[in-house]
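Engineer: Going line by line, the protein sequences match chains A and B.
Quick note: to get the working numbering, add 91 to the position in the first sequence (first position is 1).
Quick note: to get the working numbering, add 91 to the position in the second sequence (first position is 1).
Quick reminder that beta carbons are idealized off the backbone N, C-alpha and C, glycines included.
Here the structure is a predicted model, which is why all the values come from computation and not from measurement.
Below is one structure. I have some questions about it.
Protein chains: 2
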Amino acid sequence: MFNFDFYNPTKIFFGKNRLDVIDKQVPANAIVLITYGGGSAKRNGLIDKVKANLGKRKVYEFGGIEPNPHYETLIKAAEIVNKKNITFMLAVGGGSVIDGTKFISLASHCKGDSRDLLKYGFRLITSEMAGEVVPFGVVLTLPATGSEMNNGAVISDGHGKFPVMSDLAFPEFSILDPTLTFTLPKIQVANGVVDAFVHTGEQYITYPADAKVQDRMAEGILQTLIEIGPISVAEPENYDARANHVWSATMALNGIIAVGVPQDWATHMIGHELTALLGIDHGQTLAIVYPALLEVRREQKRAKLLQYAERVWNITKGTEDEKIDMAIRKTREFFESLGVKTHLSQYGVTADKIPVVIEQLRDHGMTALSETHDITLDVSRKILEKAM
Amino acid sequence: MFNFDFYNPTKIFFGKNRLDVIDKQVPANAIVLITYGGGSAKRNGLIDKVKANLGKRKVYEFGGIEPNPHYETLIKAAEIVNKKNITFMLAVGGGSVIDGTKFISLASHCKGDSRDLLKYGFRLITSEMAGEVVPFGVVLTLPATGSEMNNGAVISDGHGKFPVMSDLAFPEFSILDPTLTFTLPKIQVANGVVDAFVHTGEQYITYPADAKVQDRMAEGILQTLIEIGPISVAEPENYDARANHVWSATMALNGIIAVGVPQDWATHMIGHELTALLGIDHGQTLAIVYPALLEVRREQKRAKLLQYAERVWNITKGTEDEKIDMAIRKTREFFESLGVKTHLSQYGVTADKIPVVIEQLRDHGMTALSETHDITLDVSRKILEKAM
Numbered sequence: 092m093f094n095f096d097f098y099n100p101t102k103i104f105f106g107k108n109r110l111d112v113i114d115k116q117v118p119a120n121a122i123v124l125i126t127y128g129g130g131s132a133k134r135n136g137l138i139d140k141v142k143a144n145l146g147k148r149k150v151y152e153f154g155g156i157e158p159n160p161h162y163e164t165l166i167k168a169a170e171i172v173n174k175k176n177i178t179f180m181l182a183v184g185g186g187s188v189i190d191g192t193k194f195i196s197l198a199s200h201c202k203g204d205s206r207d208l209l210k211y212g213f214r215l216i217t218s219e220m221a222g223e224v225v226p227f228g229v230v231l232t233l234p235a236t237g238s239e240m241n242n243g244a245v246i247s248d249g250h251g252k253f254p255v256m257s258d259l260a261f262p263e264f265s266i267l268d269p270t271l272t273f274t275l276p277k278i279q280v281a282n283g284v285v286d287a288f289v290h291t292g293e294q295y296i297t298y299p300a301d302a303k304v305q306d307r308m309a310e311g312i313l314q315t316l317i318e319i320g321p322i323s324v325a326e327p328e329n330y331d332a333r334a335n336h337v338w339s340a341t342m343a344l345n346g347i348i349a350v351g352v353p354q355d356w357a358t359h360m361i362g363h364e365l366t367a368l369l370g371i372d373h374g375q376t377l378a379i380v381y382p383a384l385l386e387v388r389r390e391q392k393r394a395k396l397l398q399y400a401e402r403v404w405n406i407t408k409g410t411e412d413e414k415i416d417m418a419i420r421k422t423r424e425f426f427e428s429l430g431v432k433t434h435l436s437q438y439g440v441t442a443d444k445i446p447v448v449i450e451q452l453r454d455h456g457m458t459a460l461s462e463t464h465d466i467t468l469d470v471s472r473k474i475l476e477k478a479m
Numbered sequence: 092m093f094n095f096d097f098y099n100p101t102k103i104f105f106g107k108n109r110l111d112v113i114d115k116q117v118p119a120n121a122i123v124l125i126t127y128g129g130g131s132a133k134r135n136g137l138i139d140k141v142k143a144n145l146g147k148r149k150v151y152e153f154g155g156i157e158p159n160p161h162y163e164t165l166i167k168a169a170e171i172v173n174k175k176n177i178t179f180m181l182a183v184g185g186g187s188v189i190d191g192t193k194f195i196s197l198a199s200h201c202k203g204d205s206r207d208l209l210k211y212g213f214r215l216i217t218s219e220m221a222g223e224v225v226p227f228g229v230v231l232t233l234p235a236t237g238s239e240m241n242n243g244a245v246i247s248d249g250h251g252k253f254p255v256m257s258d259l260a261f262p263e264f265s266i267l268d269p270t271l272t273f274t275l276p277k278i279q280v281a282n283g284v285v286d287a288f289v290h291t292g293e294q295y296i297t298y299p300a301d302a303k304v305q306d307r308m309a310e311g312i313l314q315t316l317i318e319i320g321p322i323s324v325a326e327p328e329n330y331d332a333r334a335n336h337v338w339s340a341t342m343a344l345n346g347i348i349a350v351g352v353p354q355d356w357a358t359h360m361i362g363h364e365l366t367a368l369l370g371i372d373h374g375q376t377l378a379i380v381y382p383a384l385l386e387v388r389r390e391q392k393r394a395k396l397l398q399y400a401e402r403v404w405n406i407t408k409g410t411e412d413e414k415i416d417m418a419i420r421k422t423r424e425f426f427e428s429l430g431v432k433t434h435l436s437q438y439g440v441t442a443d444k445i446p447v448v449i450e451q452l453r454d455h456g457m458t459a460l461s462e463t464h465d466i467t468l469d470v471s472r473k474i475l476e477k478a479m
């Protein structure tokens with residue numbers, strides 16, 4: 092097991108009818124900015140319920156945070172924060188709204204050019220760069236990204252997607268009420284299952300580090316997603332399935348399974364370019380890239396792929412390579428069973444787009460990806476070819 | 092899955108050579124009280140190393156916190172806190188030292204009679220009762236209780252052991268360096284494995300609540316302890332085994348596997364009386380009580396016992412009762428394989444002591460234990476008879 096640091100101070104309020112905690116968790120004298128996305132939370136009355144729980148506090152709203160939230164959009168919210176002296180934010184939405192709100196929090200009182208906050212990659216942004224951040228809470232409406240209980244965000248600028256990490260960016264609290272996700276379109280639910288599954292894989296199918304509890308926990312999340320993912324998609328109001336889906340997605344990326352192990356975020360990095368260039372949903376890009384990456388990287392990941400085959404998929408017969416083939420095939424079939432396609436060609440993307448993606452990876456410095464920093468642009472090209 | 096709240100702000104610094112974080116984590120102007128136990132940390136030089144990392148800060152020491160730390164002892168430390176204006180504490184030790192330090196933290200500026208803090212049971216003590224608490228960090232030397240990353244303590248007073256819980260009692264940080272545990276006596280290592288195992292069981296072998304990730308994670312901790320427990324005991328300087336032991340013990344009681352599920356702390360409550368009355372080590376009492384409790388409670392716990400048999404012990408053949416018998420037998424054999432006895436008679440305790448234990452349970456209000464509050468004194472008597 093590697094040496095590690097772990098810290099996660101976000102308070103979680105999980106279950107039915109939890110909006111009443113807002114009144115206790117948001118300071119009584121706060122001036123609040125509610126942030127949200129395309130407007131479904133507004134139309135279905137959730138924003139009004141949140142406002143009702145804020146009582147007499149002064150409340151402003153900022154809607155229209157798009158999927159893959161954009162720097163230009165968020166900077167407008169930061170201006171409102173400054174103009175209205177906002178002291179607390181409430182993000183009502185999924186990963187994009189939460190990620191966007193994290194960035195607004197960091198950017199509002201940023202001392203230099205807030206665009207520079209996109210340049211730190213996986214290094215933690217400190218208060219020396221961000222100044223005083225605006226604390227915020229979350230009302231989650233989409234189980235997928237884990238952003239509700241971690242310190243990271245992904246922000247779009249131009250044709251790039253940039254990770255932004257800071258221990259100042261943990262939500263103060265997150266309300267995870269599975270019933271608030273019942274009205275989601277099926278494809279978003281399915282994408283969410285894929286997102287959580289791939290997050291878990293990226294922290295687990297690497298090289299062995301003898302981190303036994305972390306491995307078992309990652310396997311437990313994968314097994315749970317395999318068990319309840321299809322039900323969560325097919326039966327939107329099945330509370331038990333959705334509750335397990337929500338908590339799996341949060342646990343997949345709150346840092347607990349990441350401690351002391353190598354991590355391979357290449358699938359996300361390649362997937363980000365596919366979203367930015369081709370407009371394919373984030374979860375869909377992962378379903379395309381991940382099985383292809385596992386195939387291309389089978390030698391580097393052999394030991395963990397065998398463990399994955401046996402412990403997660405119960406594959407005990409055949410040669411090593413047959414087991415690995417079967418595990419990758421089952422992964423692909425699992426994504427397809429949720430209604431998420433796993434080939435670029437299924438989105439009408441032709442092979443001539445691959446060089447364009449490779450150029451973008453080069454432009455963004457993504458030339459040494461993976462847990463061993465040896466996914467060069469050549470390897471990324473092979474992965475994309477395999478993903479066609 | 093039940094509704095739940097989760098919160099755990101303790102920072103973890105895990106691995107070899109982590110004492111250098113002390114200088115960054117303890118405020119530069121702190122007046123520090125180092126708390127420790129019987130003196131092994133003093134004799135082996137660990138206290139000196141901790142002090143070296145505190146640099147020029149003013150440092151006091153309070154040694155002699157005994158196993159099952161006693162109110163009378165701790166109150167002396169609280170007097171020092173007040174007399175010397177201590178602003179930060181560093182607990183160097185295992186569960187007893189950490190639990191004791193939590194109590195010192197809560198009691199030092201307590202507004203009323205600090206003994207009243209023992210009366211809250213599992214209710215959270217707030218700042219209205221405790222006043223301003225003294226923040227503290229931990230340097231862990233014994234992997235067992237999980238106290239290094241939770242909000243609970245168990246404090247002895249007279250012949251009673253009392254739970255003390257408070258969100259003010261989370262350590263600010265905990266340093267978990269497995270090498271600091273290499274010099275422990277084997278029996279303490281073995282007791283630590285049992286403690287972590289039973290903590291996990293008490294949050295898992297209850298009744299089904301469809302909390303799939305929590306179940307899988309609990310099973311993962313149990314499987315890990317089964318795998319590395321005997322190695323951790325037999326090979327004190329096997330870093331990998333000990334590292335997995337340390338992290339399993341922390342994860343077993345940091346709240347992560349407890350969310351949304353019923354919990355049955357009857358084994359701990361009955362075990363506490365055995366420690367208080369008969370002087371049997373805490374971990375040893377759990378190894379005595381737990382298999383007996385599982386046998387007596389097999390009907391109430393049938394579904395989860397079957398799940399435990401299949402998923403943790405790989406028992407797939409036989410009738411339901413044969414599977415359960417086998418799982419309980421394997422649990423008992425596992426404890427014995429660590430060198431921890433599982434029968435009261437092996438400690439020279441005779442059956443005439445049982446009524447005395449029952450009287451103590453009655454005196455302490457432990458008359459409706461378990462996840463369903465139906466372990467009456469009669470049931471506790473049956474458990475103790477089975478544990479003879």
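#1: Taking the alpha helix (DSSP H) that A:ILE216 belongs to, which residues open and close that run?
#2: Quick check on A:ASN242 - is its C-beta less than 9 Å from some C-beta in chain B?
#3: With distances taken Cα to Cα, identify the nearest neighbour of A:PHE426 among A:ALA287, A:LEU344, A:ASP355, A:LEU460.
#4: At a CB-CB cut-off below 7 Å, which residues of chain B make contact with A:GLN314?
#5: Please confirm if B:LYS140 has its CB atom under 9 Å from at least one CB of chain A.
#6: Pick helix, strand or coil for B:SER247, following the three-state DSSP scheme.
#7: Under 7 Å between beta-carbons, which chain B residues line up against A:ALA334? List them in chain order, please.
#8: Is there a Cβ from chain A that is less than 9 Å from the Cβ of B:LYS174?
#9: Against chain B, which members of the segment 105-121 of chain A pass a CB distance test of less than 9 Å?
#10: So what does B:ILE122 bridge to, in DSSP terms?
#11: Since A:THR376 and A:GLU293 are thought to touch, with beta carbons under 8 Å apart, how far apart are those beta carbons, to the nearest angstrom?
#12: From the DSSP output, in three-state form, read off B:PHE425 for me.
#13: Could you have a look at B:ILE406 and say whether DSSP puts it in helix, strand or coil?
#14: Can you check whether the CB of B:ASN329 is closer than 9 Å to the CB of B:GLU318?
#15: Go ahead and pull the three-state DSSP assignment for B:LEU397.
#16: Distance, Cα to Cα, B:TRP356 vs A:GLY128?
#17: Heavy atom of the ligand SAM less than 8 Å from the Cβ of B:ALA287, yes or no?
#18: Put B:TYR162 into one of helix, strand or coil per three-state DSSP.
#19: Chain B beta carbons: is any one of them nearer than 9 Å to that of A:TRP404?
#20: Let me check one thing: in DSSP terms, what residues is A:ILE466 bridge-paired to?
#21: Rank B:VAL229, B:LEU208, B:TYR98, B:LYS107 by C-alpha distance to the C-alpha of A:PHE93 and give the top, closest one.
#22: Near B:VAL56, what residues of its chain come up, given a Cβ to Cβ distance below 7 Å and the 5 sequence neighbours on each side ignored?
#23: For B:SER64, count the other beta carbons within 10 Å of its own beta carbon; 16 or more makes it buried, fewer makes it exposed. Which is it?
#24: Examine chain A for any beta-carbon lying closer than 9 Å to the beta-carbon of B:ALA302, and answer yes or no.
#25: Could you compute how far the alpha carbon of A:TYR309 sits from the alpha carbon of A:PRO299?
#26: Could you tell me the boundaries of the beta strand (DSSP E) in which A:ALA182 lies?
#27: Check whether the segment 202-221 of chain B and the segment 247-258 of chain B touch, using three or more Cβ-Cβ pairs below 8 Å as the test.
#28: Taking C-alpha atoms, which residue in A:THR341, A:ASN176, A:ASN173 lies nearest to A:ASN242?
#29: Would you check if the distance between the CB atom of A:THR232 and the CB atom of A:SER131 is smaller than 9 Å?
#30: List the residues of chain A whose Cβ lies closer than 9 Å to the Cβ of B:TYR298, in chain order.
#31: Mapping the DSSP letters down to three states, classify B:ILE371 as helix, strand or coil.
#32: Taking DSSP as the reference, what is the three-state secondary structure of B:LEU275?
#33: Closer than 9 Å by beta-carbon distance: list the chain A residues that pair up with B:ILE319, in chain order.
#34: Once the 5 residues before and after A:GLU489 are set aside, which same chain residues still bring their CB inside 6 Å of it?
#35: Along chain B, in chain order, which residues have C-beta atoms closer than 7 Å to that of A:PHE95?
#36: Based on the DSSP secondary-structure assignment, which residues constitute the bridge partners of A:TYR295?
Structural biologist: In terms of the structure at hand:
#1: In this chain, A:ILE216 is not harboured by any alpha helix (DSSP H), its DSSP state being neither H nor E.
#2: no
#3: A:ALA287
#4: ARG307
#5: no
#6: strand
#7: Ordered by position in chain B, the residues that pass the 7 Å Cβ test against A:ALA334 are MET92.
#8: Judged by the 9 Å Cβ criterion, B:LYS174 is not in contact with chain A.
#9: Only PHE105, GLY106, LYS107, ASN108, ARG109, VAL112 from the segment 105-121 of chain A bring a Cβ to less than 9 Å from some Cβ of chain B.
#10: Bridge partners of B:ILE122: B:LYS149.
#11: Actually they are not in contact, since the Cβ atoms of A:THR376 and A:GLU293 sit about 13 Å apart, beyond 8 Å.
#12: helix
#13: coil
#14: no
#15: Three-state DSSP puts B:LEU397 in a helix.
#16: 44 Å
#17: Ligands in the displayed structure: none, and consequently the ligand SAM is not present.
#18: helix
#19: no
#20: A:LEU460
#21: B:LYS107
#22: Because chain B is modelled from 92 through 479, residue 56 of chain B falls outside the range shown and cannot be assessed.
#23: Chain B is shown only over 92 to 479; residue 64 of chain B falls outside these bounds and no answer can be derived.
#24: yes
#25: Checking the sequence shown, residue 309 of chain A turns out to be Ala, not Tyr. So the two alpha carbons sit approximately 13 Å from each other.
#26: 179-184
#27: Verdict: yes, contact present.
#28: A:THR341
#29: yes
#30: The premise fails here: B:TYR298 is roughly 15 Å from chain A at the closest Cβ pair, so nothing lies under 9 Å.
#31: coil
#32: coil
#33: Think of a sphere of 9 Å around the beta carbon of B:ILE319: the chain A residues whose beta carbon falls inside it are LYS303, in chain order.
#34: Given a span of 92 to 479 for chain A in the structure shown, any question on residue 489 of chain A remains unanswerable.
#35: PHE105, GLY106
#36: Its beta-bridge partners do not exist; DSSP assigns none.
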